[in-house]
Amino acid sequence: MLKIHNPATGELIAEVPQASAALVTERARAARRAQPAWAAQPMQHRLDIIQRFRVALLAELEPLAVTLTREVGKPISQSRGEITGLLARIDFFLDQAEAAIAPEDVFDDGATRERISHDPLGVVANISAWNYPYFVGGNVFVPALLTGNAVLYKPSEFATLTGLHIARLLHEAGVPSDVFAPLVGGGAVGAALLEQPLDGVFFTGSHATGQRIARLLAPRFVKLQLELGGKDPSYVCDDADVPTAAESLADGAMYNTGQSCCSVERIYVHERVHTAFVEAFLSAVRGFKSGDPMDEATYLGAITRAPQLGVLDAQVADAVAKGARLLCGGARRPGPGNGFEPTVFTDVNHTMDLMREESFGPVIGIQSVSGDDEALALMNDTRYGLTAGVFSRNGTRARSLLARVNAGSVYWNCCDRVSPRLPWSGHGDSGIGLTLSTHGIRAFTRPRAWHLRTP
Ligand code: NAD
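4 is the number of the first residue of the sequence shown in the working numbering; add one for each residue after it.
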């Protein structure tokens with residue numbers, strides 16, 4: 004049995020049977036058998052089902068949000084925000100799926116026609132993280148199902164109850180149970196899933212697990228997408244609107260208790276505005292309420308995985324030992340559960356783990372820089388490349404910097420933002436492949452080249 008604890012209280016909230024290796028094989032075989040009939044349905048049939056799933060999510064918004072908060076420790080207002088955010092992503096997919104995979108006639112000289120069709124991959128694995136289970140799951144299973152794939156879905160062991168609700172709602176909406184099959188469990192169940200014959204693996208999680216999966220799948224040439232971690236930087240120029248930048252970046256660093264793949268993890272500030280920025284940033288952070296995630300006013304909830312507290316402790320100790328100045332926080336929150344105080348450092352540099360390794364918690368370093376060249380060099384001094392931002396009143400200056408940052412998404416005067424209309428991808432150790440946008444619909448298909456010569 005998988006034991007599920009509330010990370011904010013430590014309380015055991017559920018025990019759920021884990022999938023055995025035999026069940027994983029059985030579900031994979033059933034998905035293989037069921038997929039062709041699903042793909043053969045008209046697109047409108049699949050669109051109608053996903054539309055019903057959307058309606059059901061909205062109808063059950065409150066209990067679903069409570070479940071999410073209880074199992075991952077996310078503040079209740081942010082749990083609601085995640086589910087309503089998924090509705091907007093579903094709307095994009097419903098609107099775009101048909102056109103994105105419509106066959107394309109690309110040549111016709113009277114004798115020969117050339118056409119591209121976009122066929123479903125087949126049976127795909129969706130191995131998901133816990134920090135945004137609706138988002139990172141939905142980025143995969145919604146377009147995968149719409150484009151005619153069967154999905155073997157392994158929710159994170161830290162978001163299992165949410166994963167089971169997602170499966171129930173999809174089944175109630177009309178997705179056959181063999182076409183969307185949840186597999187409950189941790190890494191061992193994920194590993195058993197990867198043993199199955201698969202046509203695609205769509206993984207969201209840590210770099211370490213992603214690398215393990217890439218090694219395992221390499222000899223089999225299975226299509227693989229990895230959405231991994233980041234160490235996302237932002238740079239505040241000397242011409243920025245400092246109070247607005249500070250407010251936006253405090254939110255970007257601390258939202259979801261710092262447990263977003265695209266959390267702001269490092270901030271560089273031009274020396275001319277450094278003091279004013281730090282003051283405004285601290286004041287924004289001090290305004291965030293920490294504590295019980297079920298409290299409507301709470302902004303910082305629990306650290307979902309207890310071992311991450313050790314990572315945060317170690318980054319704080321390393322930064323302090325190397326001369327960083329602690330402005331607030333720096334310790335676990337007293338009381339039950341996995342709390343960590345919002346933590347802000349200045350006088351940081353790139354010898355510190357805090358500025359180089361993913362924190363995945365409410366911990367941030369702010370480094371003063373002499374100008375754009377130094378900021379750019381520091382932003383690119385990382386093995387990751389998920390997102391990066393520049394705050395400036397000058398669009399030309401900001402765009403010139405952002406064009407040279409090694410990152411999949413770049414932000415001018417904003418941060419920690421994901422749009423269904425834009426591709427979501429990482430460079431370097433942040434992963435390979437992409438989700439979202441029309442490219443992220445086609446990611447679940449393979450093109451077939453048709454050479455058609457009329458007799
Ligand atoms: P994780 O790597 O521990 O787990 C991710 C998933 O992989 C879970 O479902 C887990 O059970 C499964 N898994 C573990 N070992 C496996 C194995 N050997 N074979 C197959 N599956 C296995 O990551 P996590 O703690 O759930 O997620 C946090 C990480 O995810 C952070 O680094 C974060 O930045 C990243 N993330 C990235 C994005 C993105 O879009 N780039 C989005 C969300 C989270």
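Backbone N, C-alpha and C fix where the C-beta goes; we use that ideal spot for every residue, glycine too. Computed from a prediction, not measured in an experiment: that's the story for all the values here.
With respect to the 8 Å criterion, residue 219 and residue 186 are not classified as neighbours on the basis of their beta carbons. Among the bridge pairs identified by DSSP, residue 346 is matched with 366. As the crow flies, the alpha-carbon of residue 359 is around 11 Å from that of residue 367. Counting only runs of 4 or more residues that sit fully inside the region 218-306, the alpha helix (DSSP H) segments are 245-257 and 277-289, in chain order.
Between residue 239 and residue 272, the C-beta gap is smaller than 8 Å, which places the two residues in contact.
Here DSSP, grouped into helix, strand and coil, assigns residue 108 to strand.
Only residues of its own chain outside the window of five on either side were considered, and among them 283 and 287 have a CB closer than 8 Å to the CB of residue 250, listed in chain order.
Contact annotation: residue 242 and residue 265 have beta-carbon atoms that are not nearer than 8 Å. Excluding five sequence positions before and after residue 413, the CB atoms of its chain that fall closer than 6 Å to its own CB belong to 391 and 405, given in chain order.
At a Cβ-Cβ threshold of 8 Å, residue 100 and residue 444 count as neighbours.
Distances taken from the Cβ of residue 348 to the heavy atoms of ligand 1 include none shorter than 7 Å. When the Cα atoms are used, residue 156 and residue 433 turn out to be separated by approximately 22 Å. About 16 Å separates the Cβ atoms of residue 183 and residue 204, ruling out a contact at the 8 Å cut-off. Within its own chain, the residues whose Cβ lies closer than 7 Å to the Cβ of residue 373, once the five positions on either side in sequence are excluded, are 274, listed in chain order. Secondary structure of residue 203 (DSSP, three-state): strand. Annotated three-state conformation of residue 434 is strand, per DSSP.
One thing to note: residue 330 has its Cβ within 8 Å of the Cβ of residue 285. Excluding sequence positions up to five before and after residue 252, its CB lies within less than 7 Å of the CB of 237, 267, 270, 284 and 418, all in the same chain and listed in chain order. Residue environment analysis places residue 247 among the exposed positions, since fewer than 16 neighbouring C-beta atoms fall within 10 angstroms of its C-beta. According to the DSSP secondary-structure assignment, residue 331 is paired through a beta bridge with 347. Within 7 Å of the C-beta of residue 457 there is not a single heavy atom belonging to ligand 1. Nearest to residue 422 by alpha-carbon distance, out of 232, 63 and 96, is 96. Distances between the C-beta of residue 131 and the heavy atoms of ligand 1 include at least one below 7 Å. If you look at residue 65, you'll find it in the alpha helix (DSSP H) that goes 64-75. Of the residues 351, 10 and 92, the one whose Cα lies closest to the Cα of residue 76 is 10. Contact check between the region 332-348 and the region 306-314: three or more CB pairs, one atom from each, fall below 8 Å, which counts as touching.
Assigned with DSSP and collapsed to three states, residue 41 falls in helix.
Scanning the region 75-153 from its first residue to its last, the whole beta strand (DSSP E) runs of 3-plus residues come out as 107-111, 115-123 and 126-130. Check the Cα spacing between residue 87 and each of 113, 227 and 138: the tightest is with 138. From the listed residues 141, 202 and 213, the smallest Cα separation to residue 224 is found for 202.
In this structure, the alpha-carbon of residue 227 lies about 45 Å from that of residue 278.
In the displayed model, residue 410 falls within coil according to three-state DSSP, outside both helix and strand. Sequence-distant Cβ neighbours of residue 388 in its own chain, meaning closer than 7 Å and more than five residues away, are 409, 410, 411, 429, 430, 431 and 433.
CA-CA distance, residue 375 to residue 195, rounds to 48 Å.
Contact between the region 159-170 and the region 101-116 is absent: fewer than three C-beta pairs spanning the two stretches fall below 8 Å.
Beta-bridge partners of residue 456 (DSSP): 115.
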